[in-house]
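**Q** Note that my numbering gives residue 280 to position 280 of the sequence shown, counting from 1, and the numbers run on in steps of one.
Beta carbons: idealized from backbone N, C-alpha and C, even for Gly.
Mind having a look at this structure? Questions to follow.
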Amino acid sequence: MKISAENSSKIYWITILSLLFIFFLAGLRFQIFAYFPKISILIILIGFALLLKSGRLFFKDWYFFLAFIYLTDTLRGLIYYLVSKYQLPVYCEYVLKAEKSIFRTVPSVWLQYKLLGDSQFGLLEELVTFFHGTHFIAFLIIGFFIWLKDKENFRVYKLSFYLLMVMGISLYALIPTAPPWMASNLFGLLPPLRHFNLEIYTAIIPDLTAGFNTDPVAAMPSLHAAFPFLCSLLLFKKYKFRAFPFYLYTAAIFFSIIYTGDHYVADIIAGIVLAITGFVLANHLTKNYISFAHQEKSSELRLRRSNVVAGTILIAFSLVSGEIIKPELKKYYAEYSHLKFPDFINHSEKADSNYLIAVYLGDFEANQHNIGKASYYYEKAQTLAKTTYEKNQIKMKINRLRLSSF
Numbered sequence: 001m002k003i004s005a006e007n008s009s010k011i012y013w014i015t016i017l018s019l020l021f022i023f024f025l026a027g028l029r030f031q032i033f034a035y036f037p038k039i040s041i042l043i044i045l046i047g048f049a050l051l052l053k054s055g056r057l058f059f060k061d062w063y064f065f066l067a068f069i070y071l072t073d074t075l076r077g078l079i080y081y082l083v084s085k086y087q088l089p090v091y092c093e094y095v096l097k098a099e100k101s102i103f104r105t106v107p108s109v110w111l112q113y114k115l116l117g118d119s120q121f122g123l124l125e126e127l128v129t130f131f132h133g134t135h136f137i138a139f140l141i142i143g144f145f146i147w148l149k150d151k152e153n154f155r156v157y158k159l160s161f162y163l164l165m166v167m168g169i170s171l172y173a174l175i176p177t178a179p180p181w182m183a184s185n186l187f188g189l190l191p192p193l194r195h196f197n198l199e200i201y202t203a204i205i206p207d208l209t210a211g212f213n214t215d216p217v218a219a220m221p222s223l224h225a226a227f228p229f230l231c232s233l234l235l236f237k238k239y240k241f242r243a244f245p246f247y248l249y250t251a252a253i254f255f256s257i258i259y260t261g262d263h264y265v266a267d268i269i270a271g272i273v274l275a276i277t278g279f280v281l282a283n284h285l286t287k288n289y290i291s292f293a294h295q296e297k298s299s300e301l302r303l304r305r306s307n308v309v310a311g312t313i314l315i316a317f318s319l320v321s322g323e324i325i326k327p328e329l330k331k332y333y334a335e336y337s338h339l340k341f342p343d344f345i346n347h348s349e350k351a352d353s354n355y356l357i358a359v360y361l362g363d364f365e366a367n368q369h370n371i372g373k374a375s376y377y378y379e380k381a382q383t384l385a386k387t388t389y390e391k392n393q394i395k396m397k398i399n400r401l402r403l404s405s406f
């Protein structure tokens, strides 16, 4: 029995969607190292493509790009794994000093003092958390819109994001940087900051935070800011101020990542610079590619085939490497005292007047099995402890250290 082309296409896409759905369910059951909101939006986009009878074209244009995004998510976790396991330096004070030199304060602290204070979460915090979460899918929706309207501009879209993600991931590896909430909660370098979006995510969907927070020391640059800003550049190129609502959305994202304590303004500026760089380079390179493709049509066909192979390799690498590092990552996400902060390890005098830095140095040395040094910093922290909680906390650490020395 001969299957018609139309039925063959339906079977093809039913198979693809079924595999994605099975993967989604398996991931929820076995906690595979993956980011499921992107998988969910992918299923929705494929559904729209099928309704528009553009399924095969969608696969051709999107497969490698989506595989690259999936790889990028995995690489963020892999970078944090390598930083944690091999004690690579993590930085904290350089961006904090830059922020204070510009604003005389840290905007995250100022916003939370003015808007949140000691109150419980309200509608504003819920809206901010919502906008914070939409970042992870908004750029895909904009990409789908561009793909439907302007295939040549979609080439610019993809290449811009390739360049942006490569630059961003490279900087995450070169200069791992603590965000404002970590500078506050771990070291006491800032007044108390509530990482309230993480609390709200955890209250709604406990397992969701693993997808959002694959690298907690990836503050610089802010891809959270770079992604919507790059989308704004792409939209402005074609639609100018008709896309004004999305520009407002981008501003809302900027506000949300500052208010939550996830990023400094300096991180946002760095993200904007990367977005502009990727956009300019992509426009230049795409023009050259289009003129070449018109001359060598067969080369484009070969490129499409190689994209399918390369995309499959990226997905396989992401899945395998994610599963390998997952067990240790759970331990590294549980606490941050294993991280090596040269700002404090090389300047231990900062612990003389800071309880949290003294505790961090004690914990770090205890993890290195340097019992003498750990005891020294814990005793220093004991003299700095003010509240009952702090006194009990450091007493427990000292007792645990003594037991481990036997």
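Helix, strand or coil for A226 per DSSP?
**A** helix
**Q** Rounded to the nearest angstrom, what separates S348 and P89 at their Cα positions?
**A** 15 Å
**Q** Using alpha carbons as the reference points, say which of F145, E199, F196, I325 lies closest to Y239.
**A** F145
**Q** The alpha helix (DSSP H) with F438 in it runs from where to where?
**A** In the structure as shown, the chain begins at 1 and stops at 406. Residue 438 is therefore absent and cannot be evaluated.
**Q** Going by beta carbon distance, what residues of the same chain come within less than 7 Å of T250, once the five residues before and after it are set aside?
**A** Result list for T250: P228, F229, S232, in chain order.
**Q** Assuming A381 and Y355 are in contact, meaning their beta carbons sit under 8 Å apart, how far apart are those beta carbons, in whole angstroms?
**A** 6 Å
**Q** If contact is defined by three or more beta carbon pairs under 8 Å, each pair taking one atom from either stretch, is the segment 120 to 136 in contact with the segment 362 to 373?
**A** no
**Q** Are A218 and Y247 closer than 8 Å when you measure CB to CB?
**A** no
**Q** Around the Cβ of F130, are there at least 16 other Cβ atoms within 10 angstroms (buried) or fewer (exposed)?
**A** Result: exposed.
**Q** Given a threshold of 16 other Cβ atoms within 10 Å of its Cβ, counted over all protein chains shown, does I425 qualify as buried or as exposed?
**A** Given that the chain is displayed from residue 1 to residue 406, the structure contains no residue 425 and the question cannot be resolved.
**Q** Just how far apart, CA to CA, sit K149 and I142?
**A** 11 Å
**Q** Taking C-alpha atoms, which residue in H224, I79, L403 lies nearest to Y333?
**A** I79
**Q** Can you tell me whether A316 is buried or exposed? The criterion is at least 16 other CB atoms within 10 Å of its CB, across all chains shown.
**A** By the 16-neighbour rule on beta-carbons within 10 angstroms, A316 is exposed.
**Q** Can you give the Cα-Cα distance for Y197 and L186, rounded to whole angstroms?
**A** Contrary to the premise, residue 197 reads as Asn rather than Tyr in this sequence. Going from the Cα of N197 to the Cα of L186 covers about 18 Å.
**Q** Using 10 angstroms around the beta-carbon of E152, count the other beta-carbons present and answer buried if the total reaches 16, otherwise exposed.
**A** The residue in question, E152, is exposed, as its Cβ has fewer than 16 Cβ neighbours within 10 Å.
**Q** Going by DSSP, name the residue or residues bridged to A218.
**A** T177
**Q** Measuring alpha carbon to alpha carbon, tell me which of E93, A270, L235, A225 ends up nearest H135.
**A** Residue A225 is the option with its Cα nearest to H135.
**Q** On the three-state DSSP scale, how would you describe K386?
**A** The answer is coil: DSSP assigns K386 none of H, G, I, E or B.
**Q** Could you tell me which residues DSSP pairs with P89 in its beta bridges?
**A** K340
**Q** Give the C-beta separation of S101 and L193 to the nearest angstrom, bearing in mind that I take them to be a contact with Cβ-Cβ under 8 Å.
**A** The Cβ separation is near 19 Å, so there is no contact.
**Q** Taking the alpha carbon of V280 as the point to measure from, which residue in Y162, G261, L339, L127 has its own alpha carbon closest?
**A** Y162
**Q** Contact defined as beta carbons within less than 8 Å: I believe Y339 pairs with S84. What is the distance between those atoms, to the nearest angstrom?
**A** With the sequence shown as reference, residue 339 is identified as Leu, and Tyr is not the correct amino acid for it. Contact between L339 and S84 holds, with the beta-carbon distance rounding to 7 Å and staying under 8 Å.
**Q** Does the distance from the C-beta atom of L190 to that of V106 stay below 8 Å?
**A** yes
**Q** What did DSSP end up calling Y332 once you bin it into helix, strand or coil?
**A** In this structure, DSSP gives Y332 a helical state, which the three-state scheme calls helix.
**Q** Let me know if K397 comes out buried or exposed under the rule of 16 or more other beta-carbons within 10 Å of its beta-carbon.
**A** buried
**Q** Does P191 come out as helix, strand or coil in the three-state DSSP assignment?
**A** coil
**Q** Taking the CB atoms as reference points, tell me whether G271 and L223 lie closer together than 8 Å.
**A** yes
**Q** Grab me the residues of S321's own chain with a C-beta within less than 8 Å of its C-beta, minus the 5 sequence neighbours each way, in chain order.
**A** T74, L78
**Q** Would you kindly work out how many angstroms separate the C-alpha atoms of S184 and T286, rounded to a whole number?
**A** In a straight line, the C-alpha of S184 is about 44 Å away from that of T286.
**Q** Following the continuous alpha helix (DSSP H) through A358, name the residue where it begins and the one where it ends.
**A** 355 to 367
**Q** Could you tell me the alpha carbon to alpha carbon distance between T177 and Y91, rounded to whole angstroms?
**A** 5 Å
**Q** Which two residues bound the contiguous alpha helix (DSSP H) that contains A252?
**A** 244 to 259
**Q** I'd like to know whether the C-beta atoms of P180 and Y264 end up nearer to each other than 8 Å.
**A** A contact, by the Cβ cut-off of 8 Å.
**Q** Output needed for R76: all residues of its chain with C-beta closer than 8 Å, excluding positions within five of it in sequence on either side, in chain order.
**A** I169, Y172, T214, D215, A218
**Q** Using C-beta distances below 7 Å, list every residue in its chain close to I175, excluding the 5 sequence neighbours before and after it, in chain order.
**A** Y91, M220
**Q** In chain order, what residues of the same chain lie with their CB nearer than 7 Å to the CB of L208, ignoring the 5 residues before and after it?
**A** Annotation note: pLDDT 48 at L208 (below 50); position unreliable, coordinate value reported separately. These residues qualify, in order along the chain: Y201.
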